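Trainee:
In full-length UniProt numbering, the protein residues as written are 1 to 282.
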């Protein structure tokens, strides 16, 4: 039996920040009334809405997410109280991020000229970038107050531009298959969590020994790791994962350094065709 289910034109969900509306139809009088009655603080809009002129009446919004290709994004500048912004598949005139002085978090997928001024929002705290070209990577050095950073990129070769982001507490780098120099991570001494995924040139752990506040470390799809000895200084580490396809494995098979870490609760290490787990304490 086949059921033809059609989702409702809009949905309002309770989130920690307040009511959020997900819009699956063109903005109209009905959705405007529902948004006002619910007191929404956030709005997610899909490709049904190529005309965003209605945003001029929603300047109170704290969150906005938009998925479209080719719409006039200009009306977004009415949202002067934004704290969270997500933009997906965006093309068109550049967004002026300086118009959002309260913006804390931004999710941009993929990178495009439309969002290239994001590095002017130097007050950002959390940022996620997908397909960031290497030629634009240097601009990230302006975001000195970032606490969380996620970057997916196939062209970045060095992490040097993030070396000055010393307030970072969370860093995830992924799909950086041309990465050859990750030494800048050594300067990010406030990191609590580090995830490295599908970065085949990432193999030495020497630049991690200074990250004494690190609590979680995930290495997924990196190059062969010679030794875990540099992790001996990570006394706050609670979880460590080394796994992945291709050549990811621990060469010397030695995990004794992990067994001696006082706060380690769990590790999972790939060694050739086997895995080692622990810790194994009496």
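All C-beta atoms, glycine included, are put in the ideal place defined by N, C-alpha and C. Bear in mind that the values here come from a model prediction, so they are computed numbers and not experimental data.
Given this structure, state the Cα-to-Cα distance separating residue 230 from residue 129, to the nearest angstrom.
Mentor: Position 230 of the chain shown, counted from the start, is the residue given in the question as residue 230. Position 129 of the chain shown, counted from the start, is the residue given in the question as residue 129. Distance between the alpha carbons of residue 230 and residue 129 is about 29 Å.
Trainee: Straight-line CA distance for residue 29 to residue 76?
Mentor: As a first step, residue 29 must be located in the chain shown, where it is residue number 29. As a first step, residue 76 must be located in the chain shown, where it is residue number 76. Distance between the alpha carbons of residue 29 and residue 76 is about 20 Å.
Trainee: Considering residue 271, what are the terminal residues of the beta strand (DSSP E) in which it resides?
Mentor: For the purposes of this step, residue 271 is identified with residue 271 of the chain shown, where counting begins at 1. Looking at the DSSP string, the run of the beta strand (DSSP E) that includes residue 271 is 266-271.
Trainee: Which residues mark the beginning and the end of the beta strand (DSSP E) in which residue 275 is found?
Mentor: For this step, residue 275 is matched to residue 275 along the chain shown. Its beta strand (DSSP E) spans residues 274-278.
Trainee: For residue 61, tell me which candidate among 153, 24, 102 and 73 has the shortest Cα-Cα distance.
Mentor: On the chain shown, position 61 is the one that residue 61 refers to. With distances taken between Cα atoms, residue 61 lies closest to 102.
Trainee: Does the Cβ-Cβ distance between residue 222 and residue 196 come in under 8 Å?
Mentor: Position 222 of the chain shown, counting from 1, holds the residue named residue 222. Position 196 of the chain shown, counting from 1, holds the residue named residue 196. For residue 222 and residue 196, yes; Cβs fall inside 8 Å.
Trainee: Just how far apart, CA to CA, sit residue 19 and residue 235?
Mentor: For the purposes of this step, residue 19 is taken as residue 19 along the chain shown, with counting starting at 1. For the purposes of this step, residue 235 is taken as residue 235 along the chain shown, with counting starting at 1. So the alpha carbons of these two residues sit roughly 41 Å apart.
Trainee: Closest to residue 71 by CA distance: which of 64, 52, 59 and 57 is it?
Mentor: What you label residue 71 is simply residue 71 of the chain shown in a count that begins at 1. Per the Cα distances, 52.
Trainee: In or out: residue 263 buried (at least 16 other Cβ within 10 Å) or exposed?
Mentor: Here residue 263 refers to the residue found at position 263 when the chain shown is read from its first residue. The residue in question, residue 263, is exposed, as its Cβ has fewer than 16 Cβ neighbours within 10 Å.
Trainee: Could you tell me which residues DSSP puts in a beta bridge with residue 94?
Mentor: Mapped onto the chain shown, residue 94 falls at position 94. Bridge partners of residue 94: none, in fact.
Trainee: Measuring alpha carbon to alpha carbon, tell me which of 83, 139 and 198 ends up nearest residue 63.
Mentor: Counting from 1 along the chain shown, the entry for residue 63 is found at position 63. Per the Cα distances, 83.
Trainee: Using only the alpha-carbon positions, how far apart do residue 192 and residue 94 sit?
Mentor: Taking the chain shown and counting its residues from 1, the one referred to as residue 192 is at position 192. Taking the chain shown and counting its residues from 1, the one referred to as residue 94 is at position 94. Using only the alpha carbons, I get a separation of about 34 Å.
Trainee: Round the Cβ separation of residue 185 and residue 207 to the nearest angstrom and send it over; I've been treating them as touching at under 8 Å.
Mentor: Residue numbering aside, residue 185 sits at position 185 when the chain shown is read from its first letter. Residue numbering aside, residue 207 sits at position 207 when the chain shown is read from its first letter. 5 Å between Cβ atoms; contact.
Trainee: By DSSP, does residue 202 sit in helix, in strand, or in coil?
Mentor: As a working mapping, residue 202 is identified with position 202 in the chain shown. Coil, per DSSP.
Trainee: Here's a check: name, in chain order, each residue in its chain whose Cβ is nearer than 6 Å to the Cβ of residue 97, leaving out the five neighbours to either side.
Mentor: By 1-based counting over the chain shown, the position of residue 97 is 97. Correct list, in chain order: 117, 118, 120 and 121.
Trainee: Kindly list the residues whose CB is nearer than 6 Å to the CB of residue 12, restricted to its own chain and excluding five residues on each side of it in sequence; keep chain order.
Mentor: Residue mapping note: residue 12 aligns to position 12 of the chain shown, counting from 1. Cβ within range, chain order: 19, 21 and 38.
Trainee: Following a CB-centred definition, is residue 230 positioned closer than 7 Å to any heavy atom of the ligand ADP?
Mentor: The model depicted lacks the ligand ADP and carries no ligand whatsoever.
Trainee: Can you list, in chain order, the residues of its chain with a C-beta nearer than 7 Å to that of residue 163? Leave out the 5 residues immediately preceding and following it.
Mentor: As a working mapping, residue 163 is identified with position 163 in the chain shown. These residues qualify, in order along the chain: 184 and 187.
Trainee: State the Cα-Cα distance for the pair residue 44 and residue 189, rounded to the nearest angstrom.
Mentor: Looking up residue 44 in the chain shown gives position 44. Looking up residue 189 in the chain shown gives position 189. So the alpha carbons of these two residues sit roughly 36 Å apart.
Trainee: What number of angstroms, rounded off, separates the C-alpha of residue 169 from the C-alpha of residue 268?
Mentor: The residue given as residue 169 occupies position 169 in the chain shown. The residue given as residue 268 occupies position 268 in the chain shown. Their Cα atoms are separated by approximately 23 Å.
Trainee: Out of 251, 261 and 256, point me to the one whose CA is closest to residue 271's CA.
Mentor: Position 271 of the chain shown holds residue 271. Nearest option by C-alpha distance: 251.
Trainee: Quick check on this structure: which residue in 153, 126, 253 and 152 has the alpha carbon closest to the alpha carbon of residue 146?
Mentor: Here residue 146 refers to the residue found at position 146 when the chain shown is read from its first residue. The shortest C-alpha separation from residue 146 is found at 126.
Trainee: What residue range is occupied by the uninterrupted beta strand (DSSP E) comprising residue 82?
Mentor: Here residue 82 is taken as the residue at index 82 of the chain shown, counted from 1. Element bounds for residue 82: n/a, residue is neither H nor E.
Trainee: For the alpha helix (DSSP H) containing residue 65, list its first residue and its last residue.
Mentor: Along the chain shown, one-based indexing puts residue 65 at 65. Looking at the DSSP string, residue 65 is not in any alpha helix (DSSP H); the run it does join, the beta strand (DSSP E), is 63-67.
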